[in-house]
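Structure first, then comments.
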Amino acid sequence: MVKAKFEGREKLTRKLQKLVPEAEKEYAKAIETGARELAGAIAARAPRDSGEYAASIEADKLSSRPGKSQIGIQQTKDPNAWGVFANYIWRFIEYGTRAHVIKAKNASRLLWRNETGDTVAAARVSHPGQAAQPHIFPTYRAMRKRIRSRVTRAINKAVRKVAAGGGP
């Protein structure tokens, strides 16, 4: 999730709303632009075995996806907050998995289709694990300064407009 963190953000937001109501609109636009840009960059760096995972990466307003978990774990009360959403496998791709054994839980055997389409059955399978393919958080760290700068410029633009007599 893309987030600009400020100390005392709620107090600052209330003051800004009184002085510059336009600042919240500019802030919301900047956050949306940053989230969409970040989602595009993450999708571009995502591994592409089938392309299905990369296609699942998208930015959206958190309020329009209640109950869905976004990439990252921080919760927010910000009505303008945007997040980056992806298929649940993002964490396995980003961090990798170690080698492990998969056992049948509710049946005596696991069933699946192999590469040739034949049905295979086994009581247990050794999974070799998956090497980590970091693409989300390195991309976010690379873009974080740019996104924060965009938000700061948007708020400053609204403040300058009011200061110049443009009024709210």
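Just so we're aligned, residue 15 is where the sequence shown starts under my numbering, counting upward by one. Ideal placement from N, C-alpha and C gives every residue a C-beta, glycine not left out.
task = Round the Cβ separation of Ile116 and Leu124 to the nearest angstrom and send it over; I've been treating them as touching at under 8 Å.
result = The residue you call residue 116 lines up with position 102 of the sequence shown. The residue you call residue 124 lines up with position 110 of the sequence shown. Indeed, because the Cβ distance is near 7 Å, the residues count as touching under 8 Å.
Exercise for the section: Give the DSSP-derived three-state secondary structure of Glu129 in the structure shown. Expected result: As a working mapping, residue 129 is identified with position 115 in the sequence shown. Three-state DSSP puts Glu129 in coil, outside helix and strand.
Taking the runs of the beta strand (DSSP E) that are 3 residues or longer, which of them lie wholly in the segment 46-126? Taken in chain order, the unbroken stretches of beta strand (DSSP E) that lie wholly in the segment 46-126 and span 3 residues or more are 72-75, 96-99 and 114-117.
Confirm, please, whether the CB-CB distance from Ala37 to Ser139 is below 8 Å. By 1-based counting over the sequence shown, the position of residue 139 is 125. By 1-based counting over the sequence shown, the position of residue 37 is 23. A small fix is needed here, since residue 139 is Val in this sequence, not Ser. Contact flag unset, no.
- Query: Taking the Cβ atom as the reference point for each residue, do Ala49 and Trp104 lie within a distance shorter than 8 Å?
  - Reply: As a first step, residue 49 is located in the sequence shown; it is residue number 35 there, counting from the start. As a first step, residue 104 is located in the sequence shown; it is residue number 90 there, counting from the start. With a cutoff of 8 Å on beta-carbon distance, Ala49 and Trp104 are scored as not near each other.
Run of the alpha helix (DSSP H) containing Val139, from where it starts to where it stops: Working through the sequence shown from its first residue, we reach residue 139 at position 125. Judged by DSSP secondary structure, Val139 falls outside any alpha helix (DSSP H) and instead within the beta strand (DSSP E) spanning Arg138 to His141.
message = Let me confirm a value: Glu66 is counted as buried when at least 16 other C-beta atoms fall within 10 Å, else exposed. Which label applies?
response = Within the sequence shown, numbered from 1, the residue matching residue 66 stands at position 52. Residue environment analysis places Glu66 among the exposed positions, since fewer than 16 neighbouring C-beta atoms fall within 10 angstroms of its C-beta.
- DSSP state of Val34, grouped into three classes? As a working note, residue 34 is residue 20 in the sequence shown. Residue state for Val34 is assigned as coil, using DSSP reduced to three classes.
Practice prompt. Would you mind reading off the limits of the alpha helix (DSSP H) that contains Pro152?
Written response: Locating residue 152 in the sequence shown gives position 138, counting from the first residue. In the DSSP assignment, Pro152 falls within the alpha helix (DSSP H) that extends over Phe151 to Lys175.
Closest by CA to His114, which one among Pro93, Gly143 and Gln89? Within the sequence shown, the letter at position 100 stands for residue 114. Each of Pro93, Gly143 and Gln89 was checked against the Cα of His114, and the nearest Cα belongs to Gly143.
Item checked: Where Ala135 falls: helix, strand or coil (DSSP) -> Taking the sequence shown and counting its residues from 1, the one referred to as residue 135 is at position 121. If DSSP states are grouped into helix, strand and coil, Ala135 belongs with the strands.
Exercise for the section: Inspect the beta-carbon positions of Ile249 and Val98 and report whether they are closer than 8 Å. Expected result: Here the chain comprises residues numbered 15 to 182, so residue 249 is not present and cannot be evaluated.
Leu26 burial status per 10 Å Cβ neighbour count (16 or more: buried): Translated into the one-based positions of the sequence shown, residue 26 becomes position 12. Answer is exposed; the Cβ neighbour count stays below 16.
Hey, would you say Leu30 sits closer than 8 Å to Val176, going by beta carbons?
Along the sequence shown, read from residue 1 onward, the residue named residue 30 stands at position 16. Along the sequence shown, read from residue 1 onward, the residue named residue 176 stands at position 162. Not closer than 8 Å, so no.
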